[in-house]
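Chains as they are written, first to last, in the numbering used here: chain H, 744 to 854; chain C, 34 to 150.
C-beta: ideal position from N, C-alpha, C; glycine also.
Here the structure is a predicted model, which means the values were calculated and not measured.
Scroll down for the structure; my scribbles are underneath it.
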Amino acid sequence: QQQVKQSPQSLIVQKGGISIINCAYENTAFDYFPWYQQFPGKGPALLIAIRPDVSEKKEGRFTISFNKSAKQFSLHIMDSQPGDSATYFCAAPLTDDKIIFGKGTRLHILP
Amino acid sequence: GAGVSQSPRYKVAKRGQDVALRCDPISGHVSLFWYQQALGQGPEFLTYFQNEAQLDKSGLPSDRFFAERPEGSVSTLKIQRTQQEDSAVYLCASSPTNGLATIYEQYFGPGTRLTVT
Numbered sequence: 744q745q746q747v748k749q750s751p752q753s754l755i756v757q758k759g760g761i762s763i764i765n766c767a768y769e770n771t772a773f774d775y776f777p778w779y780q781q782f783p784g785k786g787p788a789l790l791i792a793i794r795p796d797v798s799e800k801k802e803g804r805f806t807i808s809f810n811k812s813a814k815q816f817s818l819h820i821m822d823s824q825p826g827d828s829a830t831y832f833c834a835a836p837l838t839d840d841k842i843i844f845g846k847g848t849r850l851h852i853l854p
Numbered sequence: 034g035a036g037v038s039q040s041p042r043y044k045v046a047k048r049g050q051d052v053a054l055r056c057d058p059i060s061g062h063v064s065l066f067w068y069q070q071a072l073g074q075g076p077e078f079l080t081y082f083q084n085e086a087q088l089d090k091s092g093l094p095s096d097r098f099f100a101e102r103p104e105g106s107v108s109t110l111k112i113q114r115t116q117q118e119d120s121a122v123y124l125c126a127s128s129p130t131n132g133l134a135t136i137y138e139q140y141f142g143p144g145t146r147l148t149v150t
């Protein structure tokens with residue numbers, strides 16, 4: 744069974760701090776690693792994703808770092824805001840049309 | 034524009050009852066997915082449609098689960114003889130693309146929370 748191992752399970756960060764969530768994967772169909780953000784009562788929404796041609800991707804306050812040799816990737820949220828409080832899921836492609844998700848990290852930003 | 038909608042948003046069923054969950058994808062989207070999300074867990078793949086064809090149903094947990102998309106638009110997930118372990122949020126996602134590109138662009142609905150008592 745392919746897995747994506749995500750940590751930590753929950754995270755509390757002060758407003759303005761850096762939130763870091765990590766994921767480790769086993770073999771994947773190809774290198775594409777998205778992060779999803781989910782608010783209570785809503786479905787997940789794609790936040791940011793990285794493809795194999797770069798080791799880092801930045802979009803605003805959100806950055807993905809990718810370490811192919813270690814089979815790890817991480818999400819960094821800079822200048823964390825209370826509105827960032829949500830559950831974050833990393834994911835990896837199991838096949839061409841199937842994604843496997845991590846178990847999620849519940850992030851809480853203290854005001 | 035309108036996103037993916039699902040109905041009902043909440044469903045309570047007694048053990049042994051049959052339920053039907055509906056998904057209205059974004060208009061024109063070719064691909065449609067169903068996921069099951071248990072409390073405190075990530076979504077788990079159930080099945081995938083390309084237009085009306087069900088191309089992958091490997092994630093359906095048992096033969097009590099059945100999904101259809103007869104006209105390539107609205108989809109229904111049916112669960113027969115519900116069990117307590119079926120309690121979860123059922124998410125639907127659609128994508129304007131197919132094949133390799135579907136995983137790049139999936140739009141999720143809000144889900145249906147099913148509680149089996």
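- The C-beta of K841(H) comes closer than 8 Å to at least one C-beta of chain C.
- The beta-bridge partner set that DSSP reports for V45(C) consists of T148(C).
- Of all residues in the stretch 74 to 85 of chain C, only Q74, G75, P76, E77, F78, Y81, Q83 come within less than 9 Å of chain H when Cβ atoms are compared, listed by chain position.
- In this structure, DSSP gives Q824(H) a state outside helix and strand, which the three-state scheme calls coil.
- In this structure I112(C) touches V52(C) by the C-beta definition: roughly 5 Å separates them, less than 8 Å.
- Between L54(C) and chain H, the shortest Cβ-Cβ separation is not below 8 Å.
- Our two residues, I807(H) and L818(H), have alpha carbons roughly 5 Å apart in a direct line.
- Apart from sequence neighbours up to five positions away, the residues of its chain that approach A71(C) with a beta-carbon distance below 7 Å are A121, ordered along the chain.
- Excluding five sequence positions before and after Q50(C), the CB atoms of its chain that fall closer than 6 Å to its own CB belong to T115, given in chain order.
- The beta carbon of Q746(H) is closer than 7 Å to those of E769 in its chain, skipping five residues each way along the sequence.
- Ranked by Cα distance from N131(C), the first of P143(C), G105(C), V149(C), T148(C) is G105(C).
- DSSP places I136(C) within a helical segment (H, G or I) once states are collapsed to three.
- Beyond the five residues adjoining it in sequence on each side, R42(C) comes within less than 8 Å, by CB distance, of P143, G144, T145, R146 in the same chain, given in chain order.
- Closest by C-alpha distance to L837(H), out of K814(H), G786(H), Y775(H), is Y775(H).
- The beta-bridge partner set that DSSP reports for A35(C) is empty.
- Judged by their CB atoms, L850(H) and L789(H) are not nearer to each other than the 8 Å cut-off.
- Q70(C) carries a strand assignment under DSSP once its states are collapsed to helix, strand and coil.
- Between F78(C) and W67(C), the alpha-carbon positions lie close to 6 Å from each other.
- In this structure, DSSP gives D51(C) a state outside helix and strand, which the three-state scheme calls coil.
- Residue state for Q752(H) is assigned as coil, using DSSP reduced to three classes.
- With contacts defined as CB atoms closer than 8 Å, Q781(H) and T830(H) qualify as a contacting pair.
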